[in-house]
Structures are given as C-alpha cells and as structure tokens.
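J.: Chains as they are written, first to last, in my numbering: chain A, 1 to 238; chain B, 1001 to 1646.
We put the beta carbon where it would ideally sit given N, CA and C, even for glycine.
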Amino acid sequence: MITAALAESLTQALVVLVLISGAFIVTRKDLLSLVSTYQMQSLLLAGVALSLYSVDQSPTLLYLAGLTLVSKVLLIPYIIKRIQRKINISRDMEFHYVSPIASIFITIILILLVYGAFSNILKELALSNLFYLGAVFGISLTLMGMLITFSRKKVITKIIGYLTMENGVLLFSLFITELPFIIEVLILVDLFMIVLLATILSIGMDSSVEAYQERFHQLHIEDLQEKLHLHRKHRGES
Amino acid sequence: MFSSLFLTGLFFLFFGALLPLLSVRSGRYVRTATLGFTAVAAVLLLVSSAGVFTGDVQEEIASYNVSNALSFSFALDRLSSFFIIVISVVSFCVAIYSAGYIEHGGGNAKRNILAGLMNVFIASMVLVVASTNTFSFLFFWEIMSLASFFLVMYDYEKKETRKAGIFYFIMTQLSTVFLMVGFLALYQVNGSFNIEAMGSASQLMTTAIFLSLLTGFCIKAGVIPFHKWLPYAHAASPSNISALMSGVMIKVAVYGLMRFVLYVLGPVDWWGILILVLGTISAIFGIIYALKEHDIKRLLAYSSIENIGTILIGFGLYIIFQAHNLPAIAYLGLAGSLFHVLNHGVFKSLLFMATGSIVNATDTRDLEGMGGLIKKMPYTAALFLIGSLSISALPPLNGFVSEYMLFAAFFSSNTLGDPMLTILLVLCLSVFALTSAFVATCFVKAYGIMFLGLPRTDACANAKEAKKPMILGPAILAALCILLGVFSPALLSASGYGTLPVPDLMLVGSFLLATYAIIWAALYHSYPNKTRVGATWDCGTPLSSRTQYTASGFSQPIMRMFKATYKTKEIPERTFYDKQNSLFRSGEAKVTLLKFFEEYLYMPVGKKVMSLSIRVSRMQNWNLDTYIAYAFVAVLLVLVYVGWLI
Chain A
1 MITAALAESL
11 TQALVVLVLI
21 SGAFIVTRKD
31 LLSLVSTYQM
41 QSLLLAGVAL
51 SLYSVDQSPT
61 LLYLAGLTLV
71 SKVLLIPYII
81 KRIQRKINIS
91 RDMEFHYVSP
101 IASIFITIIL
111 ILLVYGAFSN
121 ILKELALSNL
131 FYLGAVFGIS
141 LTLMGMLITF
151 SRKKVITKII
161 GYLTMENGVL
171 LFSLFITELP
181 FIIEVLILVD
191 LFMIVLLATI
201 LSIGMDSSVE
211 AYQERFHQLH
221 IEDLQEKLHL
231 HRKHRGES
Chain B
1001 MFSSLFLTGL
1011 FFLFFGALLP
1021 LLSVRSGRYV
1031 RTATLGFTAV
1041 AAVLLLVSSA
1051 GVFTGDVQEE
1061 IASYNVSNAL
1071 SFSFALDRLS
1081 SFFIIVISVV
1091 SFCVAIYSAG
1101 YIEHGGGNAK
1111 RNILAGLMNV
1121 FIASMVLVVA
1131 STNTFSFLFF
1141 WEIMSLASFF
1151 LVMYDYEKKE
1161 TRKAGIFYFI
1171 MTQLSTVFLM
1181 VGFLALYQVN
1191 GSFNIEAMGS
1201 ASQLMTTAIF
1211 LSLLTGFCIK
1221 AGVIPFHKWL
1231 PYAHAASPSN
1241 ISALMSGVMI
1251 KVAVYGLMRF
1261 VLYVLGPVDW
1271 WGILILVLGT
1281 ISAIFGIIYA
1291 LKEHDIKRLL
1301 AYSSIENIGT
1311 ILIGFGLYII
1321 FQAHNLPAIA
1331 YLGLAGSLFH
1341 VLNHGVFKSL
1351 LFMATGSIVN
1361 ATDTRDLEGM
1371 GGLIKKMPYT
1381 AALFLIGSLS
1391 ISALPPLNGF
1401 VSEYMLFAAF
1411 FSSNTLGDPM
1421 LTILLVLCLS
1431 VFALTSAFVA
1441 TCFVKAYGIM
1451 FLGLPRTDAC
1461 ANAKEAKKPM
1471 ILGPAILAAL
1481 CILLGVFSPA
1491 LLSASGYGTL
1501 PVPDLMLVGS
1511 FLLATYAIIW
1521 AALYHSYPNK
1531 TRVGATWDCG
1541 TPLSSRTQYT
1551 ASGFSQPIMR
1561 MFKATYKTKE
1571 IPERTFYDKQ
1581 NSLFRSGEAK
1591 VTLLKFFEEY
1601 LYMPVGKKVM
1611 SLSIRVSRMQ
1621 NWNLDTYIAY
1631 AFVAVLLVLV
1641 YVGWLI
C-alpha cells in the first residue's frame, strides 16, 4: 500500500488544492462553474479523508469520505444544478461591499492573518507541519465561505458560500479536533435542509434576497387585502 | 410595636392601591374609601415614625430575601423616621384634599387610577426612606419614579403634559443611572449592599462615589442646573400630585443625600463647600426665575427649587462646621435644614393644594387671568395667605424658625478660623438674605394678583369656593404652619435639640398680636366712622379690570435688574420720517427670553446623544449581508485577539 511519507505529501497537495478551489469560488461569476468547483472541492476533501485514513486507519474517516462523496459530490450539486436550469440565469453580477477582485486580495490577507494567529495559538501543541497547514486552511476556507455569503447578492451564490463554509469546518475537524461522527451527520442534514429550502423558494431564485422579500411581502398583503375586501362584501350583502 | 404599626400602615397603602385598580370602572365610593385607606395609613405611619423619632430607638422592620445576595430590608432610625413623619403628614392632608379634588375632570377609570397610583407613590417613598440596603433603596426609588411619571402623565391628551412627562422620565432615569453607578462602586468597596459605613477606600474612589451620588440626588431634588424637569412636571401634573412631588418626593432625594453622605461616606470639608455653593445657586436662581413666572404652578415649582437650595445650604453648613470641630453651630445648621424639610413640606403642599382649588375654579394657571378671588373664595384665599406668609419666613410662622436657624449658623462663620472660608460663607449669607427678600416679593405678587383687585376674566368673576375636603386638607397644614412656628422651641427640645438658640415665638407672636390690636384700636378710634362712597379718580378714562396693576408690571423692575440672568433681549425697531430721527413713523418692540439652561446645557447634550444614536441605528439596516459582514469582522477580531493580544 501507500507509505506514510507518500500519504503525507499527497494530503498536503490535496489540501492546497482545496484552498485553490476556495479562491476560485471567491472570484468566479458564472454559476455553473461555481457549482462544479464546489463539487470538485468536495471530491478533494473526500480524497483528504481517504489519504488520512491510510495513515490513521480510523473507520470514522472512511465513513466521512463516503458521506462526503454521496452527499456533497453527487446529491447537492445535482439539486443545485436543477434549480439553475429552472431559474435560467447563469451569472451573478451583483455584489455587496466587495467586488471579486477585492475579494481575492482580502482572501490573501485572511490566510496570512489566520496563519499568524495560529502560529501563536498552536505553539504549545507542537503539531506536525501537515496538521498545522490543514487547520490554517480549514479556518481560511470557512472565512472565505463567509466572505462569499455576504458579498454576493444572489441567493444561489450565498448558498454556495454557505456550503464552502461547511467544507472549511470539515477540513479543520479532519486535522485538529475530530468531531464525533454524529455531528458530521447532523451538519449534513442541515445542509440538505438549506438546499431543499432553496428549491422550495426557487420561484424567487432569479433575483436577490431583497427583491424576493419584496415580492413575497406584496403577495401577502394583496392576499390580505383581497380577503378583507371579500369579508366586507360578505358583510355588506348580509 | 412600632414595626407592626408601620407594617399595618403599609398594608393599608397596598390595599388602597389594589382596590381602585381592581375595580377601575367603579364610582365615587371606591375612591373615597381608597383615600380613606391612605389617610389611615398616613396616621399609622405617623404614629410609628414619631414613636421611633422621639424614643431615639433603632427599629428593625422586616427583611425579605430575594436571592442570597439581594434582599429587601427595612428599618427605622431617627433620620428615616423624621422623613417618614414629613411624608405621612403631607400624605394625610393630600388624601383629604384629593377626596374633593379628584372628582374634577377625567372619567371614573382615570380618577380611580389616580387614587390607586397615589398610594403606590406614597408607599414607594416610605419604603425608599426605610430601606437599609442599596438594592431595596434603588428598587423602590424606581417604583417611586415610575409611579410619579404615570401621575404626571394624568392629562396625557395635552401635548404640554406629554412633553413634561417625557422630560421628567428621562431626567429621573438619568438620576437612577448615577445612583446605580455610585451604589455599584460602593458594593465594590464594601462587598455588600448594606447601607453602612464605607470600608477603607482610596481618596479617588470615595470622591467618585460622592460625586456620582450627589449628581443622582441633585437631579431628583431639582438642584440647579439639573432643575429643568421640575417646573414642567409640577405644572403639568394634577395639583394633589404636585403637592406630593414638591412637598415630599424631592425631600426623599435630600434624605438620600444626607443618609449616604453622613452615614456611609463620611463627609470631608470641601463636600460641604460644594453642597453649600450648589444650594446657594439654587436658592437665588430658583427665586429669580420664580419672580418672572406668570404660571402660578410653575412659580411654585421654581420656589421649590429655591427651598431645596435652602435645605442644602443648611446641610452644607453642617458639614463645614463639623469639619472645623464646631459641633454646636453645625447642629444648628443641620437642625435648621431638617426643620426646613418639614416646613417646606407643609407650606408648599398647602400652597399647591390651594392653587389646585383656584385653577379648578378659574380654569387657568395664568396669573394675568385671575384677580379679585378673595371675595369669591375667601377660605382658599386665607389658606393661601398663611402659606405665603409662612414661605416668606415671617414670624411667628414656621418658615421663620428654620430660616432663622440657618441665619444664626451663618452669623457664626467668623469662628471658623479660616479667613477664605469665612469670606465664602459671608458671600453665601448675603445671597441667601437677598433670596429671602425675593421670596417675599414673589409671594406678594402672587397673592396680590390672584386674590386682590378686580377679576380679569369672566371665569374668575364666576368662580365658586372649593368643596369642603379641598378646604379641610390645606387647613390642617395651615394650622400646622402656625403651630410649628409658635411651639417651635418646645418641639425642638422634645426632639433633642433643646440647646439651640431659637427665639420663643409664642412671646414674639403674642407681642405682634398685641401690637396689631393696639394699632387697630388706635386707628379705629382716631378715624371718622362715617363711610364715604365715591368714584375713584380716573383722569377721565373709565377704569376697568384691565387698568389694574399686572403681574408683568409687578416683576418688570426685577426683570430689568436681572437682565443678564434672564438673558432678555429688548428689540425696539423704529422708523422715522426724517433723517434726524425726530418724526416717528412706525415702530415695533419685542422682548425675547433666552432659556439659558435649555439652550446651552440640555439641548447640546441631547443633540450629541441623538446624533450618536442615529449613527448606531444606521448599523441596523435590516440587510442579511450586513449582519453576516458583522459576524465576519467579529471573527477576525477574535482571531487577532487570540493570536496576539492574549
């Protein structure tokens, strides 16, 4: 099988690739490539889990890899792609606070900041290089996901940002604190919930959150007014 | 024995608060019963506190634990029982007065709520004074503030009342903030909420606690420059509530100041100077503002500011003389101050209640719309006269005694041994003397314009005398004004201040009475008995009520003298036909008054707070992205903190 040294360098390479995929998500505008990148990122994460398993032999890692593969590589991207086909938009051109170009610079600063902070925090733990790298990249990926969530206006990109955040948490937990398996499962359930909600709300998917809220609001009020009108009519007749 | 009486009194108040609030829509009988409960409670409280006061005993009342650290606990000692005597005497008379007064205006529900809340208000004041720890002190302080806020808002339909209510609410909350800061700092030092002598603390800490508590109590007491809520709130609230607020509530703040300065912090010489100067400023400016006021209730409110100033002057003198080891003079100051607390409670509630009757009868608070009321409302006029004489400190009434004591303490300032301090005291003395003269001027104006001459409006000409309870309530207080004055030496010696040099007013009074009798008899005999009836010489212009001397006319010379204080601006604009300005064409003149404290102190602070609040509220923009961005920034800050700052 694979030697420990090989596994280590393989993991390192995969982790770096995960981060690059994160940076890619931060800058991309067209939705299709966003989802594909997310799919790729999840696949890379599954790979990280597997290569760690080859060193550690802990069955949890194996389950995690399987779970990630089924849900994040196959199921979730499939649903999102379906929504995208339905709402018929391909590019997210609206931004809040920061543009994609500024985002990439912020991302660089973020990684440096997290790196610096962790070098101070994890000094006592005396971790191996690999684990240190994984932790730093995990947190950076989470923050990048957050950056996407608040800087994009379209709901669908927000969801991808949220999914990216979750990937960051998974990456961190693979290297530093091994979360109990049940929590990983629960987080996945949450993810499914959010994607399902997105599908339900897909009538408003072609716009931003504000516009959708407005539409929803108007609908509600009109509905009420109609009811009131009917009610009055009814009373007038009787 | 005293404690069970005290608790029974509180029980009556509690029941009196509950009864009308439970049956809000019920009629007059419930209200009268409620006010009866108030009166019974006041008597019980009076008996128990008078027992403690004269017996000089420490009476533990009760204690209820809320949690391990926090508890409500009450006790009476001489200081607190004295203030409860003041509260209960005034409350008793106000309860009687209210039985008539409350039936004017508002529906059943409003009247019932007024009666119920009045009991809450009285009970909270009693419990503030009886509290033995800062937690229960602050708790009932807040109840007192809230109850009085709702009472001020009684006529909430009027815009003026709403403005006054909000102003009062903000100021009273500000006062609570300062008290809370002071109490928490005290807790830091002592490690307990008990009101007891403070443990060792740094000079800075003690000073900070003192200043914080002083500010808090001064706001509530209406000491200048924190006084601005007082004229608004007193004018807007119903007159029985004004009587309680002015007669009693602001005294509770004085009680707090005395309790914490004397029993907890331990006064230092310069605190006394600060309090004395604050008191002097309040006294002189309070009465100067009162002089220009034509709204009778606002005039009385400003006069309350003046009296609080007088009380603080006595307290300041006590601290100064005590610090210089002159206890005899110091006690003269303190006794004068405390006696003035009682006296002001008595005559100011009397004046407010009499004013309430007049405002009810004439439907106006403006002095310029009154006049000639002595013929329409003779009893109320007599009561108001006694109150005016008493507040003007004329012998042999009670106001004279307390002011005399303060003057006597002032005159001993040459024994201090510190020339600078003596100069300061003499300066304050001269200002205080001026204040006393102005008080007389102010009430000559108020009484003269209201009761003498001809009625200036129809409402005034058709005014009816107030109902019996509305005369009985103030009448008790008027009797007290005389009794407290005439029997003051006996009263002071009964309360343990027998050694103080107070003139025997019984003697002075009978001498004065004899003099009046002789003068009257002499005049009666030497003047012709025939009555001639003839028209007043009117220069050919028929005289009407509009040709009378007006309130503005009366105060005009003083307005001129204190132009700088009022910041009045007289703007005469004249145009002429010729270049030499001798042929007058047309002209316009106006007098503007600057509201100094509002425009230079309150408004700037208010604006700063407002702009800051707007800036903060802009952060809340109801946008999901913004909130996520906040979370993002917060995470980064945590990272920086954990990485570098720990």
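DSSP on B/GLY1105, reduced to helix/strand/coil?
T.: In this structure, B/GLY1105 counts as coil in the three-state DSSP scheme.
J.: Out of A/LEU186, A/SER103, A/ILE20, A/THR3, which has the shortest C-alpha to C-alpha gap to A/PHE137?
T.: Per the Cα distances, A/ILE20.
J.: Within the same chain, show all residues whose beta-carbon is closer than 8 Å to that of B/LYS1464, passing over the 5 residues directly before and after it, in chain order.
T.: The answer, listed in chain order, is ALA1361, LYS1376, MET1377.
J.: At the 8 Å Cβ level, is A/SER140 part of the contact set with chain B, yes or no?
T.: Not one chain B Cβ lies under 8 Å of A/SER140.
J.: In its own chain, which residues sit with a C-beta less than 8 Å from the C-beta of B/VAL1508, not counting the 5 before and 5 after it?
T.: PRO1395, PRO1396.
J.: Exposed or buried, B/TYR1566, counting other C-beta atoms within 10 Å across all chains shown (16 or more means buried)?
T.: The residue is buried, with at least 16 neighbouring Cβ atoms inside 10 Å.
J.: Would you check if the distance between the CB atom of A/THR239 and the CB atom of A/ASP92 is smaller than 8 Å?
T.: Outside the displayed span of chain A (1 to 238) sits residue 239 of chain A, for which this structure offers no information.
J.: Using Cβ-Cβ distances below 8 Å, what residues of the region 142 to 160 of chain A are close to chain B?
T.: Cβ contacts with chain B: LEU143, MET146, LEU147, THR149, PHE150, SER151, LYS153.
J.: Hey, could you find the ends of the beta strand (DSSP E) B/ILE1571 is sitting in?
T.: First-last of the beta strand (DSSP E) with B/ILE1571: 1569 to 1576.
J.: If I follow the unbroken beta strand (DSSP E) through B/LEU1076, where does it start and stop?
T.: Unbroken beta strand (DSSP E) run through B/LEU1076: 1071 to 1076.
J.: Tell me which residues share the same chain as B/CYS1442 and place their Cβ nearer than 8 Å to its Cβ, disregarding the 5 neighbours each side in the sequence.
T.: Cβ neighbours of B/CYS1442 beyond the five flanking positions: ILE1287, ALA1290, LEU1291, LEU1299, SER1303.
J.: Please report the straight-line C-alpha distance between B/ASN1343 and B/LEU1483, rounded to a whole angstrom.
T.: Computed Cα separation, rounded: 11 Å.
J.: Quick one: give me the first and last residue of the beta strand (DSSP E) that B/ASN1065 is part of.
T.: 1059 to 1065 is the span of the beta strand (DSSP E), which, as asked, contains B/ASN1065.
J.: Taking the runs of the beta strand (DSSP E) that are 3 residues or longer, which of them lie wholly in the region 1478 to 1542 of chain B?
T.: Complete beta strand (DSSP E) runs here, min 3: none at all.
J.: Buried or exposed: where does A/SER238 fall if 16 or more other Cβ atoms within 10 Å of its Cβ makes it buried?
T.: With a pLDDT of only 47 at A/SER238, under the threshold of 50, the placement of this residue in the model should not be trusted; the figure read from the coordinates follows. It is exposed - the Cβ of A/SER238 has fewer than 16 other Cβ atoms within 10 Å.
J.: If you drop the 5 nearest sequence neighbours on each side, which residues of the same chain put their C-beta closer than 8 Å to that of B/THR1550?
T.: Excluding residues within five positions, the ones whose Cβ falls inside 8 Å are GLU1368, ILE1449.
J.: Decide if the region 1252 to 1265 of chain B is in contact with the region 1225 to 1241 of chain B; the criterion is three or more beta carbon pairs, one per stretch, under 8 Å apart.
T.: Not touching, per the Cβ criterion.
J.: Starting from B/MET1450, trace the alpha helix (DSSP H) both ways and give me its first and last residue.
T.: Taken as a continuous stretch (DSSP letters only), the alpha helix (DSSP H) holding B/MET1450 covers 1419 to 1451.
J.: For A/LEU19 and chain B, any beta-carbon pair shorter than 8 Å?
T.: Taking Cβ atoms only, chain B never reaches closer than 8 Å to A/LEU19, which makes this a no.
J.: Less than 8 Å between the C-beta atoms of B/LEU1257 and B/LEU1326, yes or no?
T.: Contact flag unset, no.
J.: Around the Cβ of B/MET968, are there at least 16 other Cβ atoms within 10 angstroms (buried) or fewer (exposed)?
T.: The structure shown has nothing for residue 968 of chain B, since chain B only spans 1001 to 1646.
J.: Would you mind listing the alpha helix (DSSP H) stretches within the region 1121 to 1178 of chain B that are 4+ residues and don't spill past its ends, in chain order?
T.: Qualifying alpha helix (DSSP H) stretches, in chain order: 1134 to 1152.
J.: Using a Cβ-Cβ cut-off of less than 9 Å, give me the residues of the region 101 to 130 of chain A that come near chain B, in sequence order.
T.: Going along the region 101 to 130 of chain A in chain order, one finds LEU110, LEU113, VAL114, GLY116, ALA117, PHE118, SER119, ASN120, ILE121 with a Cβ nearer than 9 Å to chain B.
J.: So if DSSP puts A/PHE131 in a beta bridge, which residue, or which two residues, is it bridged to?
T.: According to DSSP, which records beta bridges pairwise, A/PHE131 is partnered with nothing at all.
J.: If you draw a straight line from the alpha carbon of B/TYR1447 to that of B/LEU1472, how long is it in whole angstroms?
T.: Computed Cα separation, rounded: 20 Å.
J.: For the 8 Å Cβ check, are there 3 or more pairs between the region 162 to 181 of chain A and the region 61 to 73 of chain A?
T.: Segments in contact, yes.
J.: Within the same chain, show all residues whose beta-carbon is closer than 8 Å to that of B/LEU1429, passing over the 5 residues directly before and after it, in chain order.
T.: Here the set comprises PHE1407, PHE1410, PHE1411, SER1413.
J.: Tell me which residues share the same chain as B/PHE1167 and place their Cβ nearer than 8 Å to its Cβ, disregarding the 5 neighbours each side in the sequence.
T.: Only LYS1228, TRP1229, TYR1232, ALA1233 meet the Cβ criterion.
J.: Just by C-beta distance, which residues in the region 74 to 98 of chain A are closer than 8 Å to chain B?
T.: Correct list: HIS96, TYR97.
J.: To the nearest whole angstrom, what separates the beta carbons of A/ASN167 and A/GLN41, a pair I think is in contact under 8 Å?
T.: The pair is a contact, with the Cβ atoms about 6 Å apart (cut-off 8 Å).
J.: Do you know whose CA, among B/TYR1404, B/SER1392, B/SER1073, lies nearest B/ALA1437's CA?
T.: Nearest C-alpha to B/ALA1437: B/SER1392.
J.: What residue from B/MET1405, B/ASP1504, B/GLY1333, B/GLY1372 has the CA that sits closest to B/THR1457's CA?
T.: Among B/MET1405, B/ASP1504, B/GLY1333, B/GLY1372, the Cα nearest to that of B/THR1457 is on B/GLY1372.
J.: Anyone know if the C-beta pair for B/LEU959 and B/GLY1387 falls short of 8 Å?
T.: Absent from the model: residue 959 of chain B. The displayed extent of chain B is 1001 to 1646, so no value can be given.
J.: Can you pull the chain A residues whose beta carbon is under 7 Å from the beta carbon of B/ILE1628, in chain order?
T.: Simply MET146, THR149, PHE150.
J.: How many whole angstroms separate the CB atoms of B/PHE1400 and B/ALA1283, which I take to be in contact at a CB cut-off of 8 Å?
T.: Not confirmed; about 16 Å, so no contact.
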